[in-house]
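UniProt numbering puts the last residue of the sequence shown at 130; the count rises by one with no breaks.
Built from N, CA and C at the ideal position, the CB exists for glycine as well.
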Amino acid sequence: MFLVEAAAGKGREVAEYYDVTQIPILERFIYPYKANQVKAVIVKGDSMNGMHICHNDIVLFVPEEKGCNGIFVISINNNVLVKRLEFNPAEHCVRVLSENEKYAPIVIKENGGDILTVSGRVIVVLHRAM
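What follows is the structure in structure tokens.
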């Protein structure tokens, strides 16, 4: 599995994340998925602390899992983030939510000019020892 970084805050440019590191992961952590189906990012920032996703944690995500509400690795205008998404088909928008009151929600509208890319749903959070 390869490891890159994603912000849990205001975001970072995608271009900053081309350096990757391969890490071993136990199969039971990602079951029922296979290792080649799962990607990993290191969380940078504090915007997801309310979900116990903290600075320097590693989140594992599945690119094929993109529907419904939940915690996702995303990019907005090339800024990579770990955020909670709420899809609202009736209003043709997606709410991008932090789990820290310091960060305001972001609303991405269907024709609003922002480019939202959902990389995949977070399935595991690995906390690093202090």
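With a threshold of 16 other CB atoms inside 10 Å of the CB of Val80, please say whether the residue is buried or exposed.
The residue labelled residue 80 in the question sits at position 80 within the sequence shown. Its Cβ being crowded by 16 or more others within 10 Å, Val80 is buried.
What residue range is occupied by the uninterrupted alpha helix (DSSP H) comprising Ile30?
Here the question's residue 30 lines up with position 30 in the sequence shown. Here the alpha helix (DSSP H) through Ile30 covers 27 to 30.
Note down the Cα distance separating Lys66 from Ile108, rounded to an integer number of angstroms.
Reading the sequence shown from its first residue, position 66 is the one you call residue 66. Reading the sequence shown from its first residue, position 108 is the one you call residue 108. So the alpha carbons of these two residues sit roughly 16 Å apart.
For Val41, which option in Ile25, Pro32, Asn69 has the closest C-alpha, if you only look at C-alpha atoms?
Your numbering for residue 41 matches position 41 in the sequence shown. Here the closest residue by C-alpha is Ile25.
Using 8 Å for Cβ pairs, my map puts Glu101 next to Arg84. What's the rounded Cβ distance?
Here residue 101 is taken as the residue at index 101 of the sequence shown, counted from 1. Here residue 84 is taken as the residue at index 84 of the sequence shown, counted from 1. In fact, because the Cβ distance is near 13 Å, the residues do not count as touching under 8 Å.
Environment of Tyr18 [buried if 16+ CB atoms lie within 10 Å]
Mapped onto the sequence shown, residue 18 falls at position 18. Residue placement at Tyr18 is poorly supported in this model, since its pLDDT is 48, which falls under 50; the coordinates still yield a value, given next. With a 10 Å radius around the Cβ and a threshold of 16 neighbouring Cβ atoms, Tyr18 comes out exposed.
Ile115 burial status per 10 Å Cβ neighbour count (16 or more: buried)
By 1-based counting over the sequence shown, the position of residue 115 is 115. The residue is exposed, with fewer than 16 neighbouring Cβ atoms inside 10 Å.
Would you list the one or two residues that DSSP bridges to Val107?
Indexing the sequence shown from 1 puts residue 107 at position 107. Answer is Arg95.
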